[in-house]
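First to last, the sequence lines map onto chains A and B. The opening position of the first sequence corresponds to residue 1 in full-length UniProt numbering, with each subsequent residue numbered one higher. The opening position of the second sequence corresponds to residue 1 in full-length UniProt numbering, with each subsequent residue numbered one higher. Worksheet: one structure, shown below.
Number of protein chains: 2
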Amino acid sequence: MLSSLAFAQEKLELDAVYKIKNEGKTNSQVEDLSFHLTDFLGPRLSGSTNLRNAREWTAEKFKEWGLQNVRIDSYGEFGRGWDVKKSYIAMKAPYYAQIIGYPKAWTEGTAGFIDSEVVLVEVNKAEDLEKYKGQLRGKAVMVAQAPVSLTPGFDPQARRFTDEQLEALKMVNLGVFRGRYTPAQLEAMRAQRALDAQLSSLLLEEGVALKITGTRGSFGTVFHTRAGSFSTDKKPTLPEMEIAMEHFGRMQRLLQNGKEVRIEAEIQVEWLDDDYKGYNVLADFPGTDRALKEEIVMIGGHLDSWHAGTGANDNAAGVVVMMEAMRILKAIGFQPKRTIRIALWGEEEQGLFGSRGYVEKYVANRSTKEKKAEWDKISAYYNIDNGSGKIRGIYLEGDDQLVPIFQKWFTPFHEMGANTVTTRNTGSTDHVAFQAVGVPGFQFIQDPIDYGIGYHTNMDLYERMQMPDMQQAAIIVAAMVYHTAQRDEKLPRKPW
Amino acid sequence: MLSSLAFAQEKLELDAVYKIKNEGKTNSQVEDLSFHLTDFLGPRLSGSTNLRNAREWTAEKFKEWGLQNVRIDSYGEFGRGWDVKKSYIAMKAPYYAQIIGYPKAWTEGTAGFIDSEVVLVEVNKAEDLEKYKGQLRGKAVMVAQAPVSLTPGFDPQARRFTDEQLEALKMVNLGVFRGRYTPAQLEAMRAQRALDAQLSSLLLEEGVALKITGTRGSFGTVFHTRAGSFSTDKKPTLPEMEIAMEHFGRMQRLLQNGKEVRIEAEIQVEWLDDDYKGYNVLADFPGTDRALKEEIVMIGGHLDSWHAGTGANDNAAGVVVMMEAMRILKAIGFQPKRTIRIALWGEEEQGLFGSRGYVEKYVANRSTKEKKAEWDKISAYYNIDNGSGKIRGIYLEGDDQLVPIFQKWFTPFHEMGANTVTTRNTGSTDHVAFQAVGVPGFQFIQDPIDYGIGYHTNMDLYERMQMPDMQQAAIIVAAMVYHTAQRDEKLPRKPW
Chain A
1 MLSSLAFAQE KLELDAVYKI KNEGKTNSQV EDLSFHLTDF LGPRLSGSTN
51 LRNAREWTAE KFKEWGLQNV RIDSYGEFGR GWDVKKSYIA MKAPYYAQII
101 GYPKAWTEGT AGFIDSEVVL VEVNKAEDLE KYKGQLRGKA VMVAQAPVSL
151 TPGFDPQARR FTDEQLEALK MVNLGVFRGR YTPAQLEAMR AQRALDAQLS
201 SLLLEEGVAL KITGTRGSFG TVFHTRAGSF STDKKPTLPE MEIAMEHFGR
251 MQRLLQNGKE VRIEAEIQVE WLDDDYKGYN VLADFPGTDR ALKEEIVMIG
301 GHLDSWHAGT GANDNAAGVV VMMEAMRILK AIGFQPKRTI RIALWGEEEQ
351 GLFGSRGYVE KYVANRSTKE KKAEWDKISA YYNIDNGSGK IRGIYLEGDD
401 QLVPIFQKWF TPFHEMGANT VTTRNTGSTD HVAFQAVGVP GFQFIQDPID
451 YGIGYHTNMD LYERMQMPDM QQAAIIVAAM VYHTAQRDEK LPRKPW
Chain B
1 MLSSLAFAQE KLELDAVYKI KNEGKTNSQV EDLSFHLTDF LGPRLSGSTN
51 LRNAREWTAE KFKEWGLQNV RIDSYGEFGR GWDVKKSYIA MKAPYYAQII
101 GYPKAWTEGT AGFIDSEVVL VEVNKAEDLE KYKGQLRGKA VMVAQAPVSL
151 TPGFDPQARR FTDEQLEALK MVNLGVFRGR YTPAQLEAMR AQRALDAQLS
201 SLLLEEGVAL KITGTRGSFG TVFHTRAGSF STDKKPTLPE MEIAMEHFGR
251 MQRLLQNGKE VRIEAEIQVE WLDDDYKGYN VLADFPGTDR ALKEEIVMIG
301 GHLDSWHAGT GANDNAAGVV VMMEAMRILK AIGFQPKRTI RIALWGEEEQ
351 GLFGSRGYVE KYVANRSTKE KKAEWDKISA YYNIDNGSGK IRGIYLEGDD
401 QLVPIFQKWF TPFHEMGANT VTTRNTGSTD HVAFQAVGVP GFQFIQDPID
451 YGIGYHTNMD LYERMQMPDM QQAAIIVAAM VYHTAQRDEK LPRKPW
């Protein structure tokens, strides 16, 4: 009864929705923004030169659009920047063959051009370390990995949610019973970690020329991660490359069969030690209602990415959609009651640093529960970080009060495939920083286009971005923001 | 009635089938052969050093197994060998980014290490050529390609035939009506070809440092082809690399948007001019029946491959299956009535040169219809060249007489999924050379595992090979050969 009542009362401004749809369809900037953020600005690793450039470029764009209070705002210290200046690796024996591989983030470059046999290091117990002492200086080293058996691609890489899957998304999982580890298992895990640490120290002490690691991915798609450190204590790391699993597998099989393997390689990196701070890009579309203009509706996505692709689906797509939503709202001559703020977060990939830093600085401390100036003012924070797939609905993070509101707001978008309002939680991205302090923060449900294979890989490039989907998403975000900005009350909150 | 009669009379030797299955399952060499052919011997481009090594290695293996008359047999002239010694390309501006790319086969290396801006050449009519004259010396050049819009991977890369698809395969297509080109269309095509030729000449005359071309494929998989020439007239070619379409797309979009793009690159190649002959590897398992031992059952597959992967599915898989079938027949103590011959063909990828050369030398001339010594002797030729997917049946190339025979021979393999006997033709590989002179030549129906993406790409590597499928295929081939070798009569033939 209450739900139906709320639903009936919730306002839906269809004139505005019409204008938003029209602007988003006819004057879309999605393609141009995507080109600049990916092709032109390149990968935007936390702290890198490219990320600095991307902050400047997006801030300029906001100014150009007439947003106010545009600022590149430091949330605190992040650490060292790191740029790749050269990256080459190939097998030289038993025959010449190029290798698809990338330096692990924040690892050292090689000592110039190296030409080396490859040693396969197989360590199962501490005594195994002994035989490698004094043997590895100047050598390329592969630590043995489990035999690889890549399954062929019987499953498609991209999919859209089916009606059944969307229905299922509305059901909340109450968790799965997980068995506990036995003491023996825990002990084995501890022992393995200790052995791994000993091995890492050994490789560093020995002065290995290059560590070569196989990664997830196949068919030329290489997932990439961090092996080095952006910490300002400048802890030494090895030069390390992660390479296509097939190329790793080939060398490992050759070595295990007693064949000689040689590689040649060169990695050059540059460390940026001139500014250790981390930043967010912020811009406002000021509110005009005397009573409500101090209140804020926030939208955002993270601007940083991993380093071997151009962070297209993760997360240029989210940035583009949010920028475009902001542009649409401005273009239709909207006079928002509440202030609308866009935030492009830094260093999400290293642990939501940007959004958590913002929340800590302006909203509330999640440990002490100390509230700051904006805690009371933010009605909602909307996030995009699930790629360029279109919006199918929204995750309401356990708050049943919100269901009838969003059901109403989504009604003009059923025709665009957005129809699913679930109280489920979804994790792992910047809305979590707001939820953690009791401020409504939401990630949309998006079609998982190329999600499994595109994220954190060398192939997360412009071609992965679905332009019509992003148009749709920008239109829907703009409408959600519109209604949130004009609503009589801030969105209701869960207890905190 | 006749068909049923033939079916009833056709012999099925189930003791032999049992032994073949048992040997193929328990002592399979499929994995070891695959390792050596792909990882160890590497890509086996026509005329290359690796192909030479592969001929030696497979011949040694045949001798080791006790086959007779092992020979590396020249079928005539092929052309120049070509090996890649170094291959590197990266974008340097607007930022550093590695590029996945490979030299096109039989193209020149670069003049050392090059560091160059990239010029996008856009030519739609002859006058457009003028503006590039005198502008391209020492530059890297990209010829504009249609805007790329790679669809996401909604379809799986690998599949197995369904029952419905196999049923459909039994139906013969009587061809599709194709409309003819209009005179205007033909003229436009001629004009385009002429313009392309003019452009190629211009790039060569100008002394372009490197031509960069985008290829089919996505997600890091790069298809590769031939741009240069293996012809012994040593016609000059440009250094040319074909690169991942996403990486090409990025540079093209940057250039079209007026941004500066620079690359650095180095290609070293080595030409082999010491032996222009092409070769097949042949080995016999001699027949023992006084009346039939001069007759031959042949099996084979092509040993050569393209150059950026290791030719795993295309066609180390076929070579492995045929070698393993031969090994199984030898291992079970078989005393064949007819001689069984294995042929590993050279230069299939350049136009079935090896198998056609063999046929021309020993079997018959397809133009003059002159018959040679073996025309009358070969009962059948069986081929594998559709990857490492298991055998589902056989294509009988329009010969209805063969249907009941193969239906009978396949009966013990229904349990392994091989059940489909179709009179359809299948094209494009070495059995065609035998069919062309009226000798029964067959390619099996195989599951198209990774077929679409694995062939002629940098990712056609060991990991693509389905070992259990290849075990199955070797067992079935061995049984087919067994029955063909022991049959009272040679297989019936179509009129020629």
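Quick reminder that beta carbons are idealized off the backbone N, C-alpha and C, glycines included.
- Below the 7 Å Cβ cutoff, chain A contributes no neighbours of residue 283 of chain B, its closest Cβ being approximately 24 Å away.
- Within the region 90-106 of chain B, those residues whose Cβ lies closer than 8 Å to any Cβ of chain A are, in chain order, 90, 94, 95, 96, 97, 98, 100, 102.
- Inclusion of residue 210 of chain A and residue 144 of chain A in the CB contact set at 7 Å is not warranted, their separation being larger than that value.
- The alpha-carbon separation between residue 367 of chain A and residue 315 of chain A amounts to approximately 28 Å.
- Restricting attention to B:207, B:90, B:283, the CA atom closest to the CA of residue 261 of chain B is found in B:90.
- In this structure, residue 395 of chain A and residue 445 of chain A form a Cβ contact; the two beta carbons are roughly 6 Å apart against a cut-off of 8 Å.
- Contact annotation: residue 79 of chain B and residue 225 of chain B have beta-carbon atoms that are not nearer than 7 Å.
- When the beta-carbon positions are compared, residue 464 of chain B and residue 308 of chain B stay at least 7 Å from each other.
- Classified as buried, residue 386 of chain A has 16 or more neighbouring CB atoms from the shown chains inside 10 Å of its CB.
- Setting aside the 5 residues that flank it on each side, residue 188 of chain B has no residue in the same chain whose C-beta is closer than 6 Å to its C-beta.
- Rounded to whole angstroms, the separation of the alpha carbons of residue 153 of chain B and residue 449 of chain A is 8 Å.
- Taking the C-beta atoms as reference points, residue 55 of chain B is found nearer than 7 Å to residue 281 of chain B.
- Within the region 125-143 of chain B, contact with chain A at the beta-carbon level (separation under 8 Å) is assigned to no residue.
- Across the structure, residue 255 of chain A and residue 223 of chain B are spaced so that their CA atoms are roughly 28 Å apart.
- Nearest in C-alpha terms to residue 171 of chain A, of all of A:302, A:370, A:423, is A:423.
- Measuring C-alpha to C-alpha distances from residue 37 of chain A to each of A:18, A:58, A:25, A:23 identifies A:58 as the nearest.
- For residue 306 of chain B, the secondary structure class from DSSP, reduced to helix, strand or coil, is coil.
- Interface criterion not met: the Cβ of residue 248 of chain B is under 7 Å from no Cβ in chain A.
- In this structure, residue 299 of chain B sits away from residue 323 of chain B, with a CB-CB distance that is not shorter than 7 Å.
- If you look at residue 190 of chain B, you'll find it in the alpha helix (DSSP H) that goes 183-206.
- Considered as a whole, the region 338-386 of chain B harbours 339-345, 378-383 as its complete beta strand (DSSP E) runs of no fewer than 3 residues, in chain order.
- Residues of chain A whose Cβ lies closer than 7 Å to the Cβ of residue 241 of chain B do not exist; the shortest such Cβ separation is about 11 Å.
- The residues 372, 373, 374, in chain order, have a CB closer than 7 Å to that of residue 362 of chain A in the same chain once the five nearest residues on each side in sequence are set aside.
- Contact between residue 105 of chain A and residue 203 of chain A is absent: CB atoms are separated by about 18 Å, not below the 8 Å threshold.
- Against residue 88 of chain B, the close residues of chain A are 88, in the order they occur along the chain (beta-carbon pairs closer than 7 Å).
- Using a Cβ-Cβ distance cut-off of 8 Å, the region 232-251 of chain B and the region 474-485 of chain B are not in contact, since fewer than three pairs of beta carbons, one from each stretch, lie closer than that value.
- Taking a Cβ-Cβ cut-off of 7 Å, the neighbours of residue 85 of chain B in chain A comprise 96, given in sequence order.
- Pairwise C-beta distances place the region 269-281 of chain A out of contact with the region 120-140 of chain A, as fewer than three of them are shorter than 8 Å.
- Closest in alpha carbon position to residue 384 of chain A, among A:339, A:317, A:435, is A:317.
- Here residue 158 of chain A has 449, 450 as same chain residues with Cβ atoms under 6 Å from its own Cβ, once five neighbours each way along the sequence are excluded.
- Taking a Cβ-Cβ cut-off of 8 Å, the neighbours of residue 42 of chain B in chain A comprise 94, 95, 97, given in sequence order.
- One alpha carbon belongs to residue 327 of chain A, the other to residue 218 of chain B, and they sit about 32 Å apart.
- Counting only residues of its own chain and dropping the five nearest sequence neighbours on each side, residue 12 of chain A has a CB closer than 8 Å to the CB of 408, 409, 411, 412, 483.
- Taking the Cα positions, residue 330 of chain A is about 8 Å away from residue 66 of chain A.
- A Cβ-Cβ distance of about 50 Å is found for the pair residue 16 of chain B and residue 107 of chain B, leaving them out of contact under the 8 Å criterion.
- According to the DSSP assignment, residue 24 of chain A belongs to the alpha helix (DSSP H) that extends over 14-26.
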